[in-house]
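Residue numbers (this note's numbering): 4 to 395. Written out below as structure tokens is the structure these notes cover.
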Ligand code: C2E
Ligand code: CA
Ligand code: CA
């Protein structure tokens with residue numbers, strides 16, 4: 004069992020408060036166990052509970068009881084703290100015949116509970132182990148991906164819904180492990196984020212995109228490129244400086260590049276990253292809020308942060324021809340964004356019916372398989388030079 008958000012209390016109120024809180028937690032839990040059960044503090048805010056002769060159903064009840072007992076706030080030095088816990092459960096002998104394996108597997112299950120949103124419990128299963136092994140394998144491989152030339156970028160066109168003109172492309176990263184298979188970004192980006200490899204990879208993407216922009220310019224086309232930037236990149240490096248350096252190195256301008264950030268990242272920004280974003284926007288770089296509608300969807304954040312484009316998540320577009328609610332949401336996002344002076348792009352449009360609807364609802368731009376899948380650079384230039392507008 005690992006306490007949720009204990010570190011915050013330790014960091015903001017000091018270790019003495021943290022220690023006091025740990026004592027209170029154990030006092031509350033102590034009453035739940037039988038004489039021959041063991042409740043032990045394993046280190047930091049991690050506890051190990053050993054329950055002999057207990058079946059799965061009983062364990063469910065105990066885990067639920069533990070979480071329930073921790074629900075009420077704890078009072079330390081007159082301040083109230085809410086503390087949850089994430090619990091991972093492993094069984095002897097099925098999940099391990101020795102102490103080390105049992106603990107390790109309980110730990111894996113505990114991380115699954117954290118991933119599932121904290122304040123819950125998970126039983127260990129063999130799949131979890133397989134998944135973890137695959138993640139470790141991919142992380143190892145990913146460390147070598149740049150040097151092994153395994154990364155590449157595809158570019159997905161974005162169109163103006165009214166003029167049907169190409170307004171730019173989004174850079175989407177691809178990874179093909181040498182002599183093996185391609186791995187989806189949905190799988191490797193989270194691994195890159197967790198392992199902080201995303202910093203090097205993100206910088207690689209930025210540089211490649213700049214190089215590509217120069218090449219396209221030489222071929223006679225000015226194509227705006229949107230780059231996906233992850234939270235780590237935004238918060239651990241000066242994104243303004245990073246982009247400025249690349250732009251200067253390749254002789255580009257700030258309007259040649261745009262960045263895409265998710266709402267959840269905006270919420271975690273600090274003063275510095277906010278300032279960096281402002282500098283970018285003031286210089287003409289576009290900042291899009293990606294996957295809008297799936298996170299906080301907060302009007303306040305749109306107003307507060309220096310963003311220029313709202314990107315409506317594809318989940319609202321998919322059923323828009325039949326689902327009235329989805330249409331209402333798209334319409335509301337359009338109205339709200341426009342009144343704040345922001346443009347709206349809709350992503351994941353696959354059919355003509357969807358295009359017609361989002362256009363009618365007032366969105367400005369669109370991107371999706373209906374127009375084109377993410378394309379290799381040479382296909383983008385062909386599209387631009389031979390046909391700058393879509394069939395519409
Ligand atoms: P995203 O930024 O939301 O990108 C849109 C995803 O939707 C892309 O998936 C794209 O291929 C897919 N897509 C585009 N049009 C359609 C459509 O009409 N229908 C459907 N069903 N899907 C469509 P992809 O390329 O697999 O990328 C997945 C995610 O990985 C991206 O989501 C983004 O969050 C992340 N990602 C990709 N490249 C980078 C990168 O260079 N850096 C970072 N930090 N993240 C990246
Ligand atoms: Ca994106
Ligand atoms: Ca998106």
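Idealized CB from N, CA, C, for every residue including glycine.
Query raised in the report: How would you call residue 158, buried or exposed, if buried means at least 16 neighbouring beta carbons within 10 angstroms?
Result: By the neighbour-count rule (16 or more Cβ atoms within 10 Å), residue 158 is buried.
Requested in this report: Using beta-carbon positions only, say whether residue 81 and residue 112 come within less than 8 Å of one another.
Outcome: Taking 8 Å as the Cβ cut-off, residue 81 and residue 112 do not qualify as a contacting pair.
Report task. Sort out for me which residues DSSP pairs residue 87 with in a bridge. Result -> Looking at the DSSP output, residue 87 bridges to 7.
Report task. Would you be able to state if there are at least three C-beta pairs under 8 Å between the region 21-39 and the region 73-89? Result -> Touching, yes, given that three or more Cβ pairs across the two stretches are closer than 8 Å.
Query raised in the report: Anyone know if the C-beta pair for residue 279 and residue 242 falls short of 8 Å?
Result: Yes.
Query raised in the report: Taking DSSP as the reference, what is the three-state secondary structure of residue 245?
Result: Helix.
Query raised in the report: How about residue 3: is its Cβ closer than 7 Å to a heavy atom in ligand 2?
Result: The requested residue 3 is not part of the displayed model; the chain covers only 4 to 395.
Query raised in the report: Got a sec: does ligand 3 put a non-hydrogen atom nearer than 7 Å to the Cβ of residue 316?
Result: Yes; taking the cut-off as 7 Å, the Cβ of residue 316 has a heavy atom of ligand 3 nearer than that.
Requested in this report: Name the residue from 53, 59, 286 and 131 whose alpha carbon lies nearest to the alpha carbon of residue 102.
Outcome: If we check each option's Cα against that of residue 102, 53 comes out closest.
Query raised in the report: Going by beta carbon distance, what residues of the same chain come within less than 8 Å of residue 35, once the five residues before and after it are set aside?
Result: Excluding sequence neighbours, residue 35 sits near 65, 68, 69 and 72.
Query raised in the report: Can you tell which of 174, 252 and 93 has its C-alpha closest to the C-alpha of residue 125?
Result: Residue 125 has its Cα closest to that of 93, out of 174, 252 and 93.
Report task. State whether the region 288-297 contacts the region 252-267, with contact taken as three or more CB pairs (one from each stretch) at a distance under 8 Å. Result -> Touching, per the Cβ criterion.
Report task. Would you tell me roughly how many angstroms separate the C-alpha atoms of residue 272 and residue 56, rounded to the nearest one? Result -> If you take the alpha carbons of residue 272 and residue 56, they lie about 48 Å apart.
Query raised in the report: For the region 311-327 against the region 346-366, are there 3 or more C-beta pairs whose distance is under 8 Å?
Result: Counting Cβ pairs under 8 Å, three or more are found: they touch.
Query raised in the report: So what does residue 161 bridge to, in DSSP terms?
Result: Paired residue(s): 171.
Query raised in the report: Less than 7 Å between the CB of residue 39 and some heavy atom of ligand 1, yes or no?
Result: Within 7 Å of the C-beta of residue 39 there is not a single heavy atom belonging to ligand 1.
Query raised in the report: What is the DSSP secondary structure of residue 19, reduced to helix, strand or coil?
Result: Note: residue 19 maps to helix in three-state DSSP.
Query raised in the report: Quick one: what does DSSP say residue 389 is sitting in, helix, strand or coil?
Result: Helix.
Query raised in the report: Does at least one heavy atom of ligand 1 sit under 7 Å from the Cβ of residue 378?
Result: In terms of side-chain proximity, the C-beta atom of residue 378 is found no nearer than 7 Å to any non-hydrogen atom of ligand 1.
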